Each structure stands twice: as structure tokens, then as C-alpha cells.
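Per the numbering used here: the sequence shown ends with 238, consecutive numbering throughout.
Even for Gly, the Cβ is constructed at its ideal location relative to N, Cα and C.
Owing to the predicted nature of the structure, the values given are computational and were not obtained by experimental measurement.
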Amino acid sequence: MSKGKLRLGVNIDHVATVRNARGSAYPDPVRAARLAEEAGADGITAHLREDRRHISDADIEGLMAALTKPLNFEMAATEEMQRIALRHKPHAVCIVPEKREERTTEGGLEVAREENRLAHFIAPLREAGSRVSIFIAADQRQIEAAHRIGAEVIELHTGAYCDFHAEGKFAERDDELKRLTDMAAFADGLGLEVHAGHGLTYETVQPVAALPQIMELNIGHFLIGEAIFLGLADAIGEMRRLMDEARA
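So, in C-alpha cells, the structure goes:
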């Protein structure tokens, strides 16, 4: 049984990517976030990377001032990002792996090997009132570790599932969906709130949206790409429709 409406978090990072390609002031990620709110997003996600390749510190300032929906602040587990999060105190903080050479986040965070460090890292964020999420693969060992360190939420990495679909490897896709299904149920049984995201499209979203334990999907790159053709509001509206249809 569904626990309630499936929330949609819209990631606006790649509005900033387009802006930064010309070094100009537009398109403005804050404006995109406000349009996403009007179009039905339940929250806004933004990843402030260490190299500032898309979202900037000023964008985070602007989002905190302008948003009426919750901000999910994605960040690496570094002292600099912890200071920024503690200054802004966003509704949610999602700890993600980050490598300078990667194009986008590759795989989930390695929690099990860094339990002690991560437990101490997230404690001040929780004390400041931010809900802490850990972005991880659909792996029981990592989920158990996230639970032990005091995370309230996990976000399951759906990238492998989406990649297999795009490559036509449907048996591998279905195996990955089975892992996501099993691990969403496992995490829910531990009392963790379960989110999912990365690479989701109109073609791949419904099987994930149908999983009753998942409470939120975070989707960005695909929606910003579709907005070029449909407009941001219509792109979000279609994703919202597909999610609701799958959950009904």
C-alpha cells in the first residue's frame, strides 16, 4: 500500500550548467526553481559541487531566500560543505559521493567503510534541524550502515537501472529493478524514509514510482532537457502525471 502521495523533487543544477557555458547571468536557476514550484514540484534539489561547475554559492543564497517549497541541498562530505549547510540550515541535506573528474555522480556513497567519520559528520547537520539523506546504491550493507550512522533518509541510486534500459539490456534492467524493489522494502523495514533518483526519464520512471516504500523521486537532467522542447512547466507536468498514474 502507498504511504501517501509520491513527492517530486526537481533538480535545477543544469539550468546553471547552461548559464555557466556563457558566463552570463541567465538562465537563472532560482527562476527555474520558482517555475518548478508553480508547476507542481514538491521540493527543489541543488548540488553545490566542490568545483562549482554548475550551482554557485550565490545560487544557494538565492534559493534559500526565494523558495516556498523545501530545498534538498546535495553535497559531498567535506568540511567546507558542512560549514555552508550549517550556515543555511536547509530543510534537507543529501550526502553524495563526488569526484572532480566525473561528469555526474557515479554510483552511491561508500558508507560501510566510513561509518565513524560519516556519523560524526552528519551529527551537527541533524542537530541544526536539517533532515539528512544518504545517496547510496541498492545494497543491503550500505543501507544498514546508513541506518547505523543516524541518517533519516536514504536515496537509492537509479542510474544503473536507467542505463541498462537505455542500452537495451532489459534482463539486467529488470535485475536492477528487483534490487531496487527489495532494498526499498528492506530500508523501509529499518524505519528509513526511502527516496530514489538519477537518470530517470518518462520511459523509466513508472516502475520506480510504483514502489510503495518510495516517498520521493529527485529528477533533474532529463526534465531540464525536455524543457527545451516542451517548456519547464509542461515537462514537469508530464512527469508528475506519469508518477501519479504509476502510484494510483
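Asked                                                                                                                                                      : Found
Check for me: the alpha helix (DSSP H) holding L220 runs from which residue to which?                                                                      : H211 to L220
Alpha carbons only, please: which of E105, A67, A75 and H81 is nearest the one belonging to E88?                                                           : A67
Closest to R231 by CA distance: which of Q196, A217, G221 and F212 is it?                                                                                  : Q196
How many Å lie between T35 and L61 at the Cα?                                                                                                              : 6 Å
Per the contact definition of three or more C-beta pairs closer than 8 Å, is the stretch 127 to 134 in contact with the stretch 176 to 186?                : yes
Taking DSSP as the reference, what is the three-state secondary structure of G52?                                                                          : helix
Tell me where the alpha helix (DSSP H) around G149 begins and ends.                                                                                        : G149 to A156
Please report how far the alpha carbon of D32 lies from the alpha carbon of G(-1), in whole angstroms.                                                     : 6 Å
Taking only runs that begin and end inside the stretch 170 to 197, name each unbroken beta strand (DSSP E) of 3 or more residues, in chain order.          : 183 to 187
Pick out whichever of R24, M229, H188 and A29 has its Cα sitting closest to the Cα of A55.                                                                 : R24
Of the choices H188, I112, A15 and L222, whose alpha-carbon is the least far from that of D153?                                                            : H188
Express the C-alpha separation of A109 and M244 in angstroms, rounding to a whole number.                                                                  : Only positions -9 to 238 of the chain appear in this structure, which leaves residue 244 out of reach.
Within a Cβ cutoff of 7 Å, which residues of the same chain sit near D234, ignoring the five residues on either side of it in sequence?                    : none
Roughly how far, in whole angstroms, is the beta-carbon of I124 from the beta-carbon of V184, given that I think they are within contact range, below 8 Å? : In fact, because the Cβ distance is near 11 Å, the residues do not count as touching under 8 Å.
What does the Cβ neighbour count give for T194, buried or exposed, with the cut at 16 atoms within 10 Å?                                                   : buried
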